[in-house]
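Visitor: The structure is given below, and queries will be raised subsequently.
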Amino acid sequence: MNRTDTLPPEIELAQLLQRCAAADTAAFRKLYDKTSPILFARLLRMLRRRSVAEEVLQDVYVRIWQRASQFEAHRGRALAWMVTIARYCAIDLMRRERMTLVSDDAIGEIADESAADSGGIEKPNNFDFCIEQLNDNTRRCLTLAFVEGRSHDEIAQLTTNPLGSVKSWIRRGLLALKQCLSSERQTT
Amino acid sequence: MKSANRELVDRLAAEYVLGTLRGRARRRFERWLLSPQVGALVKAWEQRLEGLEPRLDPVTPPATVWRGVEKKLELRKLQRQPAMRWLAVAASLVFFAVIGVFITRPPAQPQLTQQSSLQADPQTIYWRVEILGDNQELNLHVNVVHDLPPGKSHELWALPEGGGAPVSLGLMPHTGEGHRVLNASQRAALAISKQIAVSLEPEGGSPTGAPTGPVLLVAPLAPA
Numbered sequence: 090m091n092r093t094d095t096l097p098p099e100i101e102l103a104q105l106l107q108r109c110a111a112a113d114t115a116a117f118r119k120l121y122d123k124t125s126p127i128l129f130a131r132l133l134r135m136l137r138r139r140s141v142a143e144e145v146l147q148d149v150y151v152r153i154w155q156r157a158s159q160f161e162a163h164r165g166r167a168l169a170w171m172v173t174i175a176r177y178c179a180i181d182l183m184r185r186e187r188m189t190l191v192s193d194d195a196i197g198e199i200a201d202e203s204a205a206d207s208g209g210i211e212k213p214n215n216f217d218f219c220i221e222q223l224n225d226n227t228r229r230c231l232t233l234a235f236v237e238g239r240s241h242d243e244i245a246q247l248t249t250n251p252l253g254s255v256k257s258w259i260r261r262g263l264l265a266l267k268q269c270l271s272s273e274r275q276t277t
Numbered sequence: 484m485k486s487a488n489r490e491l492v493d494r495l496a497a498e499y500v501l502g503t504l505r506g507r508a509r510r511r512f513e514r515w516l517l518s519p520q521v522g523a524l525v526k527a528w529e530q531r532l533e534g535l536e537p538r539l540d541p542v543t544p545p546a547t548v549w550r551g552v553e554k555k556l557e558l559r560k561l562q563r564q565p566a567m568r569w570l571a572v573a574a575s576l577v578f579f580a581v582i583g584v585f586i587t588r589p590p591a592q593p594q595l596t597q598q599s600s601l602q603a604d605p606q607t608i609y610w611r612v613e614i615l616g617d618n619q620e621l622n623l624h625v626n627v628v629h630d631l632p633p634g635k636s637h638e639l640w641a642l643p644e645g646g647g648a649p650v651s652l653g654l655m656p657h658t659g660e661g662h663r664v665l666n667a668s669q670r671a672a673l674a675i676s677k678q679i680a681v682s683l684e685p686e687g688g689s690p691t692g693a694p695t696g697p698v699l700l701v702a703p704l705a706p707a
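Dropping the structure here:
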């Protein structure tokens, strides 16, 4: 199944967010119905515990409501904007609780292993090309950090690599990605 | 921003967005997010790294989540009032349309006496603050909107001369405009203040009555 087909259209989400900014509670409910399954899946992937993900999801929608007026509709990246809020909320929680990430049994099943595959969110031009230029270690570190919310220490443990190597792969990987994306953008 | 600084801040922005900037370093970095330059670097990284978003099967959350959101935001109260809200908006539009024909300023509004621009530089004025009458009322205008770190608010303070404790003048609006009538202690503090300041506080304002977060902007009050 092509899951991007089932995603709500960006323009509709942007309009709903604008109505939320005008305190329209019906629009907020609609926005919640359309997007909460996406954000919940994303939080489960990072937090790995259902009860925790449910709690954070509440905070995510509280923030979406409170910050709806800050969404820049002309950019038309409503889902990406909401996913970013969800990611930061999850990272904040992990930072506060210094959570040890123990997975619920059921949660492994929802995760799709295809890394670097933006689910319905538009990728930057040539992202696939640029991510392929990185070596396997670097790509894995970036994915573990971004997709699963893992810290440097956790990545070092999971990949059985020295912490110093993990840190420098990430640092260099980010720089290489930025350079590749900007040079590709200029030539295309 | 100097180029060496810019590189360092860009590196921190990248790790902030990636999620590997943690602990105190993350909290410190969040304070910088108010700067438009830092905000732009973070946005650029958010867009770059969106390519890493995984494709996941949606999972419908239990109904308790929505009920929690409703409760936290007191949405039911809002729902009961939409008719009243629109009536009030319509009534005030009619009021100002009618009044506007005859007079330029509603008679109840005291005169503008002092004003201040809270700015990072002459090109970046975040808020304009107007003081009306004998320190009776405030008008707040948002000029440049910027991101607030999650769970934070901007709070306005009067800074009394002679080093007295800052007195809160309430929260700053995010967008648009705000207006408020000051109480006696706020009026007294403003009467002996030549400067005002904005600090970053927990959502809803300082829990202690004194600034707890970093002071972001300080500006002099000038006669209008």
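Protein sequence lines, in the order shown, are assigned to chains A and B. Take our numbering: the last position of the first sequence gets the number 277, and nothing is skipped along the way. Take our numbering: the last position of the second sequence gets the number 707, and nothing is skipped along the way. Ideal Cβ placement from N, Cα and C applies to all residues, glycine included.
(1) Would R184 (chain A) count as contacting chain B if we go by Cβ distances under 8 Å?
(2) So, is V141 (chain A) buried or exposed, given that buried needs 16 or more other C-beta atoms within 10 angstroms?
(3) Which ranges does the alpha helix (DSSP H) cover as unbroken runs of at least 4 residues, wholly within the segment 226–252 of chain A, from first to last along the chain?
(4) Could you confirm whether any beta carbon from chain B is found closer than 8 Å to the beta carbon of I100 (chain A)?
(5) Per DSSP, P703 (chain B) is paired with what?
(6) Leaving out the 5 sequence neighbours to the left and right, which residues in its chain are closer than 7 Å to Y499 (chain B) when beta-carbon positions are compared?
(7) Which runs of the alpha helix (DSSP H) fall wholly inside the segment 94–179 of chain A and span at least 4 residues, in chain order?
(8) So which residues on chain A does W515 (chain B) lean against when the C-beta distance must stay under 7 Å?
(9) Determine which residues of the segment 522–547 of chain B have a Cβ less than 9 Å from any Cβ of chain A, and write them out in chain order.
(10) Under 9 Å Cβ-Cβ, which residues of chain B neighbour A169 (chain A)?
(11) Across which residues does DSSP place P643 (chain B) in a beta bridge pair?
(12) So P633 (chain B) contacts chain C; which residues on that side make the cut at Cβ distance below 9 Å?
(13) Can you pull the chain B residues whose beta carbon is under 8 Å from the beta carbon of R134 (chain A), in chain order?
(14) Could you give the distance in angstroms between the alpha-carbon of A487 (chain B) and the alpha-carbon of T114 (chain A)?
(15) Which residues of chain A have a Cβ atom closer than 8 Å to the Cβ of G687 (chain B), listed in chain order?
(16) Shortest alpha-carbon distance to A112 (chain A) belongs to which of B:L495, B:G506, B:V664, B:R559?
(17) Rounded to whole angstroms, what's the CA-CA distance from G687 (chain B) to H637 (chain B)? Just pull it up for me.
(18) According to DSSP, is R505 (chain B) part of a helix, a strand, or is it coil?
(19) Tell whether a beta-carbon distance below 8 Å holds between V236 (chain A) and P706 (chain B).
Guide: Taking the geometry as given:
(1) Interface residue, yes.
(2) V141 (chain A) comes out buried.
(3) Runs found: 241–248.
(4) Output row for I100 (chain A): interface = no.
(5) According to DSSP, P703 (chain B) bridges with B:Q678.
(6) Excluding residues within five positions, the ones whose Cβ falls inside 7 Å are R509, F512, V525.
(7) Secondary structure remark: continuous alpha helix (DSSP H) runs of at least 4 residues inside the segment 94–179 of chain A, in chain order: 99–110, 114–136, 139–156.
(8) The contacting residues do not exist; W515 (chain B) stays about 15 Å from chain A at best.
(9) A527, W528, E529, Q530, R531, L532, E533, G534, L535, E536, P537, R538, L539, D540, P541, V542, T543, P544, P545, T547: these are the residues of the segment 522–547 of chain B whose beta carbon lies less than 9 Å from some beta carbon of chain A, given in chain order.
(10) Within 9 Å Cβ-Cβ: E529, Q530, E533, E536.
(11) DSSP, once it has assigned bridges, lists B:S676 as partnering P643 (chain B).
(12) Any reference to chain C falls outside this structure, whose protein chains are A and B.
(13) Neighbours of R134 (chain A) on chain B, chain order: P537, L539.
(14) Roughly 47 Å between the two C-alpha positions.
(15) Result: empty, since nearest Cβ-Cβ is about 11 Å, beyond 8 Å.
(16) If we check each option's Cα against that of A112 (chain A), B:R559 comes out closest.
(17) Going from the Cα of G687 (chain B) to the Cα of H637 (chain B) covers about 9 Å.
(18) For R505 (chain B), the secondary structure class from DSSP, reduced to helix, strand or coil, is coil.
(19) In this structure, V236 (chain A) lies away from P706 (chain B), with their beta-carbon atoms at least 8 Å apart.
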